[in-house]
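In the UniProt record's numbering, the protein residues as written are 1 to 388.
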């Protein structure tokens, strides 16, 4: 996005891609359908030490601007839950659109190009500010440029090229970094909860999941390691090691009141039978073992109101303590990054290092699940592309 925007202004642009092909994260996103943006994009959908930083770029290049380009290319797309937009056919459509725009504007892209070093150009000729050393397969290249843009992504999913090189460059030129964590990542458990998750692996259900007073009502998915699914990924952005998460298994129901009513209307029924009308039998069987295994074969009438209230409260507020997350290996994003205090929100240029720019995930701006991280990439890339 930055390259095509700059090239359209007549700038001479070279993209250095370490991988063997560009856009790997685009191709894998959304199950291969690329959740490329969202119909509703607000600053509240992003996490940063400076929650206002993202506003300028998001206003300069909106979701509607990107949707407009998608529609000009005739790419079929669909709106899914929570206003998320996905390609109907393939993520390749989005990548090919961007590559086509780069080609038409004259931006050059080189793959297998690994940055070895960057330094201020001491023998500056004309407008050259930076001198680069790049390995491109068997070639050792020395390049000079007026503007250098770091669009390296971050630590998430290293198999797709994620690395910390952007942070190294930031440190080299005196920019500070905020604390970084894996974000949009599944939770893992090491206690008895791990065994429960293993038994329920593959089960998905809608819950309200919360951590640190932030809640999301979406599906969770039990896995052999712990809990994944949209709600878990969203909450992971707000969770810190040592924190608990709270699961409301019946987010639209006051479970205690419902169970007390069921006691009157279904007095001879077993509690597991009543709960199986709302929750899967396999999950109810595990909850029974956790919370009322000694009364497993008693009818509802033999439960005291206090017992049912207690079980209902646990259903609405099941507190779990993850041992950690799956880490950067499976994280969709890296939370934190280059401190926005050192970057212009309008141009993405380092405030005290002329010609050095940071865009996308390497910056301390992390979006929710739902197309927001791609929109930040498009918006920040466009903002830098206007001025490099």
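Note that beta-carbon positions come from the ideal geometry of N, C-alpha and C, so glycine has one too.
- When rounded, the separation of the alpha-carbon atoms in residue 94 and residue 34 is 8 Å.
- Contact between the region 54 to 69 and the region 188 to 196 is absent, with fewer than three C-beta pairs closer than 8 Å.
- In the three-state scheme derived from DSSP, where H, G and I count as helix and E and B as strand, residue 340 is classed as helix.
- Between residue 205 and residue 279, the C-beta gap is smaller than 9 Å, which places the two residues in contact.
- Rounded to the nearest whole angstrom, the C-alpha separation of residue 49 and residue 293 is 46 Å.
- Per DSSP, residue 227 is one residue of the beta strand (DSSP E) stretching across 226 to 228.
- Residue 363 holds the alpha-carbon nearest to the alpha-carbon of residue 51 among 378, 363, 382.
- Distance from the CA atom of residue 29 to the CA atom of residue 198, rounded to whole angstroms, is 26 Å.
- Residue environment: residue 40 is assigned as exposed (fewer than 16 neighbouring CB atoms within 10 Å of its CB, all protein chains considered).
- Under DSSP, residue 248 shares a beta bridge with 208.
- For the pair residue 23 and residue 360, the CB atoms are not nearer than the 9 Å cut-off.
- Fewer than three pairs of CB atoms, one per stretch, sit closer than 8 Å, so the region 127 to 139 makes no contact with the region 326 to 334.
- Around residue 323, the same chain offers 188, 189, 190 as residues with beta carbons nearer than 7 Å, after the five sequence neighbours per side are excluded.
- Here the C-alpha atom of residue 261 lies approximately 19 Å from the C-alpha atom of residue 317.
- At a Cβ-Cβ threshold of 9 Å, residue 355 and residue 47 do not count as neighbours.
- Secondary structure of residue 22 (DSSP, three-state): coil.
- Around the CB of residue 237, 16 or more other CB atoms lie within 10 Å, so the residue is classed as buried.
- The Cβ-Cβ distance between residue 379 and residue 54 falls below 9 Å.
- The beta carbons of residue 302 and residue 248 sit about 27 Å from each other, so the pair does not count as a contact at 8 Å.
- Cα atoms of residue 222 and residue 203: separation of roughly 6 Å, rounded to the nearest angstrom.
- For residue 227, the closest C-alpha among the options 242, 213, 196, 8 is that of 196.
- Counting C-beta pairs closer than 8 Å gives fewer than three between the region 3 to 13 and the region 295 to 313, which falls short of the contact rule.
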